[in-house]
Structures are given as C-alpha cells and as structure tokens.
Amino acid sequence: MSRVKRVAVTSPQTRLAHSRRRSRGRWRVPRLAAGDAERADALYRAQRRRGLPALAGMFGLVFGLPLVFGLFPGLDSVRLLGIPLSWLMIAILPYPAMALLSWWQLRRAEKIEDE
Numbered sequence: 001m002s003r004v005k006r007v008a009v010t011s012p013q014t015r016l017a018h019s020r021r022r023s024r025g026r027w028r029v030p031r032l033a034a035g036d037a038e039r040a041d042a043l044y045r046a047q048r049r050r051g052l053p054a055l056a057g058m059f060g061l062v063f064g065l066p067l068v069f070g071l072f073p074g075l076d077s078v079r080l081l082g083i084p085l086s087w088l089m090i091a092i093l094p095y096p097a098m099a100l101l102s103w104w105q106l107r108r109a110e111k112i113e114d115e
C-alpha cells in the first residue's frame, strides 16, 4: 500500500512573518494551481462538515455535566474514596472523553484526505 506524503499547510501570513526575519528580500505568497485550490477547498469544507458531530459532542459534554448535576442533586452525596462523585465527574470524566472525541475526529479527517 503506497502512502502519499503528508504536507503541513500553514498560514501564508505566518510564513511571511518568518521569512521576513530571515531575509529582507521580497517574498511572494505561493499560489495553488486552480485544480489543487478547488480540491483543497472541497477538502476543507468536507472536514469542517465532518467536525460538527465532534464539536456537538464536546459541547454536550461540557454543558451537559452541569445539567446532569442539576437534574440529579443526589450525586453530590454519593462518595467514592471520600470524594463526592460530582467532583470526580467534573475533574476526571471530561479529559478522557475529549481525548476520545479528538482521536475520533482526527481519524475521520484523515479518512477524507485518503479518499
């Protein structure tokens, strides 16, 4: 299976700022060919569209926890190792969940690039 070399795409303004530090000569912003620009635009739109479920999941997690605590105030009385369960849910649950969401979204974005 042959793999296409991945290339990091950065902002032209960032490249311009870095190049001005190195040399004082004139610098031109590179332009993509028309076909490549259309493909890059389509890829950007597809990845952005595919990112919406992950974004919704993150908002659901961040804003859903206070809702859960409001609906079930008894969670504060449940203790695990002497710590209220609600505190553990706030301190521990979001980070692995966000890591899983980001991993899932990255795989989906890479799948679009490979198509």
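Sequential numbering of the sequence shown, starting at 1, is according to the working numbering. Just so it is clear, CB atoms sit at the ideal spot from N, CA and C, and this is done for glycine as well. Here the structure is a predicted model, which means the values were calculated and not measured.
Checking the sheet assignment: what are the DSSP bridge partners for R79? Paired residues: P84.
Taking a contact to mean a Cβ-Cβ separation below 8 Å, would you say M98 touches M58 in this structure? Going by C-beta atoms, M98 is nearer than 8 Å to M58.
For V7, which option in A40, R45, L80 has the closest C-alpha, if you only look at C-alpha atoms? With distances taken between Cα atoms, V7 lies closest to A40.
Straight-line Cα distance separating A37 from G82: Straight across, the Cα-Cα distance linking G82 with A37 is about 58 Å.
Classification of A54 by the beta-carbon crowding that lies within 10 angstroms, buried from 16 upward: So A54 counts as buried.
Exposed or buried, what is S102 when buried is set at 16 or more other beta-carbons lying within 10 Å of its beta-carbon? Label assigned to S102: exposed.
Could you tell me how far apart the beta carbons of R50 and R108 are, in whole angstroms, since I believe they sit closer than 8 Å? Between R108 and R50 the Cβ distance is about 5 Å, and since that is below 8 Å, they are a contact.
Among the candidates A42, A34, P96, L75, whose CA atom is the shortest distance from the CA of L85? For L85, the closest C-alpha among the options A42, A34, P96, L75 is that of L75.
Quick one: does G70 have its CB under 8 Å from some CB of chain C? Protein chain content of the structure displayed is limited to a single chain, and chain C is not contained in it.
Less than 6 Å between C-beta atoms, sequence neighbours within five positions excluded: which residues of the same chain meet that for A46? Once the five neighbours on either side are set aside, the close Cβ partners of A46 are I112.
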